[in-house]
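Numbering (our numbering), first residue to last: 17 to 188.
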């Protein structure tokens, strides 16, 4: 059981470090989103995918260790939570302290990650709304009717209403 506890603590510490890396990448992403740098955004997204892949491997390992602990303690793996493990370690204060510490760090890191992701989501939403507005504006300009302006050769100039600089002059 002691080695299982060391393993779970080790995996949780590695997982927390990977989440901190993910937060760092998300914070790098914020100014790139603001600039609208699509190439930079693609590069960071690729790096994020690598980190997510490592987190998924660690998560798979964590679940296996939790299953092993559940077998040793004669519990169901689905019902066994980290808080339960902390309570089970009451007789081992050093392991309980390490587990509590990594649990708290992981919880804080995930809260920070959620905050940065919410900020980036809002920025992306605003950027998309601005792009949609500009596209609608361009489409509406193209749909405007042509004016009946003619040049000296009696040909229609093809000006679009509202786009030219010519205005009607009542004094002429």
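Using N, Cα and C, we set each Cβ at its ideal position, and we do this for glycine too.
Alpha carbon to alpha carbon, how far is residue j from residue i? Give it in angstroms, no decimals.
i: residue 98; j: residue 65; result: 26 Å
i: residue 87; j: residue 51; result: 52 Å
i: residue 146; j: residue 43; result: 22 Å
i: residue 78; j: residue 113; result: 19 Å
i: residue 80; j: residue 106; result: 23 Å
i: residue 156; j: residue 149; result: 11 Å
i: residue 69; j: residue 122; result: 18 Å
i: residue 140; j: residue 133; result: 10 Å
i: residue 108; j: residue 129; result: 31 Å
i: residue 90; j: residue 72; result: 26 Å
i: residue 22; j: residue 57; result: 38 Å
Using the three-state DSSP reduction, which class does residue i fall into: helix, strand or coil?
i: residue 87; result: helix
i: residue 120; result: helix
i: residue 96; result: coil
i: residue 70; result: helix
i: residue 22; result: helix
i: residue 52; result: coil
i: residue 36; result: helix
i: residue 108; result: coil
Less than 8 Å between C-beta atoms, sequence neighbours within five positions excluded: which residues of the same chain meet that for residue i?
i: residue 125; result: 32, 35, 36, 39
i: residue 74; result: 27, 30, 31, 34
i: residue 41; result: 60, 63, 64, 67
i: residue 110; result: none
i: residue 152; result: none
i: residue 102; result: 112, 115, 116, 119
i: residue 24; result: 78, 81, 82, 85, 101, 115
i: residue 46; result: 132, 135, 136, 139
Leaving aside the five residues before and after residue i along the sequence, list all residues of the same chain whose C-beta is less than 6 Å from its C-beta, in chain order.
i: residue 83; result: 93
Within the same chain, show all residues whose beta-carbon is closer than 7 Å to that of residue i, passing over the 5 residues directly before and after it, in chain order.
i: residue 20; result: 81, 84, 85, 88
i: residue 143; result: 49, 52
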